[in-house]
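Under UniProt numbering, the sequence shown has 254 at position 254, and the numbering climbs by one with no breaks.
Every residue gets a Cβ at the ideal spot worked out from N, C-alpha and C, and that includes glycine.
One structure is given below, encoded as structure tokens.
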Amino acid sequence: MSEILLEQKERKMRPQWWVLTFSVYVIGLLIGAGLMIGPLFLVVMFPSIGIYLTLLAIPLGVYIFRKVLSALQGRIWVNTHLSEYLLYDDRVEYTVWDPKVREKKEGVVPLSAVTELYYGMHVFHYNYTYRPTKLNEPLQQLELLPMLYLVHHHQFQRQMLAIPFTNVVEANRWLEIVAKEEKPLWLTSVTSLCDYYVGDVPEELSGDIHLERARFDGNIDVAYRPYMAKITQQQAEEAAKQRPPEEQRQRLKEEQKKRRAFPGIGRLAWLVFPLQYAGGLLVVRLAAEGKINPEGLALPLLLIGVCGLLFFLLVKWMKWPQILIYAVVSLISFLFVDTSEVETDPSYVASSMLLGISVFSPLLLSVIYVIVRSIRSLREGRKHADDSGVPS
Numbered sequence: 001m002s003e004i005l006l007e008q009k010e011r012k013m014r015p016q017w018w019v020l021t022f023s024v025y026v027i028g029l030l031i032g033a034g035l036m037i038g039p040l041f042l043v044v045m046f047p048s049i050g051i052y053l054t055l056l057a058i059p060l061g062v063y064i065f066r067k068v069l070s071a072l073q074g075r076i077w078v079n080t081h082l083s084e085y086l087l088y089d090d091r092v093e094y095t096v097w098d099p100k101v102r103e104k105k106e107g108v109v110p111l112s113a114v115t116e117l118y119y120g121m122h123v124f125h126y127n128y129t130y131r132p133t134k135l136n137e138p139l140q141q142l143e144l145l146p147m148l149y150l151v152h153h154h155q156f157q158r159q160m161l162a163i164p165f166t167n168v169v170e171a172n173r174w175l176e177i178v179a180k181e182e183k184p185l186w187l188t189s190v191t192s193l194c195d196y197y198v199g200d201v202p203e204e205l206s207g208d209i210h211l212e213r214a215r216f217d218g219n220i221d222v223a224y225r226p227y228m229a230k231i232t233q234q235q236a237e238e239a240a241k242q243r244p245p246e247e248q249r250q251r252l253k254e255e256q257k258k259r260r261a262f263p264g265i266g267r268l269a270w271l272v273f274p275l276q277y278a279g280g281l282l283v284v285r286l287a288a289e290g291k292i293n294p295e296g297l298a299l300p301l302l303l304i305g306v307c308g309l310l311f312f313l314l315v316k317w318m319k320w321p322q323i324l325i326y327a328v329v330s331l332i333s334f335l336f337v338d339t340s341e342v343e344t345d346p347s348y349v350a351s352s353m354l355l356g357i358s359v360f361s362p363l364l365l366s367v368i369y370v371i372v373r374s375i376r377s378l379r380e381g382r383k384h385a386d387d388s389g390v391p392s
């Protein structure tokens with residue numbers, strides 16, 4: 001049996017990033033469970049018209065819990081089912097996992113059956129979570145990493161095996177072996193093809209109008225960088241010719257209008273304020289009954305913190321002025337919480353604490369905003385990866 005010359009295997013997420021990712025999902029599960037169980041507990045313990053409003057949060061809790069649980073299961077599956085490619089002197093053996101149907105496909109590609117080689121890039125999301133990083137290194141959400149396509153004949157059909165790499169050095173090592181027989185080597189501008197990398201040759205690859213023949217001289221990057229620079233310049237020139245300056249300005253203006261803070265809140269996020277108002281009523285009631293310290297900060301901060309977290313998770317798109325919008329709406333809503341007119345009454349003190357904390361809430365909301373924006377960016381990146389057919 002021949003010896004394995006090279007091995008290419010998908011990477012697991014680095015431990016510190018996996019712990020952070022898992023913790024975020026656990027927090028999401030706790031929020032969903034709290035929204036499902038919390039309203040029922042409040043209705044049983046403190047029945048009132050205001051408390052009954054919290055029942056509106058139960059469907060939202062079910063939705064959040066199911067979505068987060070499904071996403072967590074998907075992340076665990078992806079991190080434990082890793083595709084693998086083994087290069088021998090006469091063949092390539094592969095085990096490729098399809099994340100869509102969660103099945104694997106195994107096979108062998110004889111190097112003698114390979115008719116063409118294509119070298120390009122694939123989009124990789126959050127590559128920094130899979131490799132060592134320096135303390136002050138800028139973290140990019142998207143990176144282009146090398147991809148080698150082996151086009152070969154299998155049962156009288158043209159098939160493709162795409163092998164993703166983490167850097168150019170790995171790609172060069174494979175090319176030194178698979179390209180030694182002077183097989184046609186093409187450079188392609190295609191960056192995403194399919195959900196996983198086994199199957200028929202896609203039209204996007206064979207029909208790429210920017211295909212260019214290349215010669216491997218030990219470092220494929222020497223040929224690929226000028227190739228992509230030329231394509232980028234051509235596309236920029238064509239886009240400038242096709243779109244008049246006035247149309248560009250109008251389109252930019254419309255995009256900026258769509259991305260304003262207030263329209264970006266959306267109807268679903270506004271439902272957080274009735275929930276927060278009901279929570280304010282509960283805090284004041286508990287203070288009036290002597291069950292909590294009316295001057296305590298814990299419950300008001302927890303109320304605004306949890307509701308603020310839900311608010312930023314539910315907005316259509318995030319803009320920093322929404323921090324001020326949330327604080328102002330919270331302040332106005334707490335003005336309508338029924339309290340005693342006697343300043344020494346516990347309900348009056350508790351209501352004043354809610355108003356005071358809502359005034360200074362932008363400090364807390366700013367921290368929550370940064371955390372949620374990171375979570376949403378991660379989620380949007382994975383969604384884009386699923387839509388584009390490139391595993392994240």
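Roughly how many angstroms separate the alpha carbons of residue i and residue j, rounded to a whole number?
i, j, result
"R11", "L82", "7 Å"
"R285", "S347", "7 Å"
"E93", "G107", "6 Å"
"N293", "P300", "11 Å"
"P274", "T54", "8 Å"
"I209", "L117", "16 Å"
"residue 395", "F65", "Summary: the structure shown does not reach residue 395, with the chain confined to residues 1 through 392, and so no result is reported for it."
"P39", "L142", "40 Å"
"R158", "P184", "15 Å"
"G218", "E176", "7 Å"
"S333", "Y277", "6 Å"
"R91", "A239", "44 Å"
"I368", "V201", "46 Å"
"L355", "L331", "6 Å"
"R373", "L365", "12 Å"
"S206", "Y224", "18 Å"
"Q16", "Y130", "10 Å"
"F46", "V78", "44 Å"
"G264", "M160", "43 Å"
"Q140", "H125", "8 Å"
"S388", "H122", "Below a pLDDT of 50, predicted positions are generally treated as unreliable, and S388, at 44, falls in that range; the measurement from the model is reported next regardless. Approximately 11 Å, taken between the alpha carbons."
"I323", "M36", "26 Å"
"L29", "V68", "6 Å"
"L281", "F22", "34 Å"
"V43", "G61", "16 Å"
"K134", "S48", "55 Å"
"I231", "K180", "28 Å"
"A269", "K319", "14 Å"
"V109", "A214", "23 Å"
"A287", "I27", "28 Å"
Provide the residue span of the beta strand (DSSP E) that contains residue i, from first to last.
i, result
"K291", "First-last for K291: undefined, no H or E at that position."
Comparing C-alpha positions only, which one of the options sits nearest to residue i?
i, options, result
"S189", "I304, F312 and M228", "M228"
"L314", "L364, R376 and L117", "R376"
"G266", "G308, W317, G280 and K291", "W317"
"K105", "T95, L111, V114 and P99", "T95"
"V114", "F156, P138, S361 and P99", "F156"
"I325", "F336, F311, L335 and V337", "F311"
"T191", "A298, K291, I163 and D345", "I163"
"V306", "E3, Y25, G32 and M13", "G32"
"S2", "L87, V43 and I27", "L87"
"I58", "Y128, L271 and N167", "L271"
"E182", "F216, Y85 and V198", "F216"
"L56", "K134, S352 and G279", "G279"
"E103", "H152, A327, Y197 and R213", "Y197"
"V24", "L6, I51 and A71", "A71"
"L187", "H154, G199, K291 and E212", "E212"
"I51", "Q8, Q73, T80 and V337", "V337"
"G74", "V101, P132, K9 and Y85", "V101"
How far does the alpha helix (DSSP H) with residue i in it reach, from first residue to last?
i, result
"L67", "Looking at the sequence shown, residue 67 is not Leu but Lys. K67 -> alpha helix (DSSP H) spans A57 to T80."
"G305", "A298 to L314"
"G28", "P15 to M45"
"A171", "V168 to V178"
"Y326", "P321 to F334"
"P354", "Checking the displayed sequence, the identity of residue 354 turns out to be Leu instead of Pro. Looking at the DSSP string, the run of the alpha helix (DSSP H) that includes L354 is P346 to V359."
"G266", "G266 to W270"
Provide the residue(s) that pair with residue i in DSSP beta bridges, ordered along the chain.
i, result
"A214", "L185"
"P146", "M121"
"A223", "Beta-bridge pairing links A223 to no other residue."
"I163", "L148"
"D98", "E103"
"K9", "E84"
"D200", "Q159"
"P110", "R91"
"E116", "V151"
Counting only C-beta atoms, is residue i closer than 8 Å to chain D at any point?
i, result
"D98", "Note that chain D does not occur in the displayed structure, where there is just one protein chain."
Sufficient close CB pairs (3 or more, under 8 Å) joining the segment 145-157 to the segment 167-177: yes
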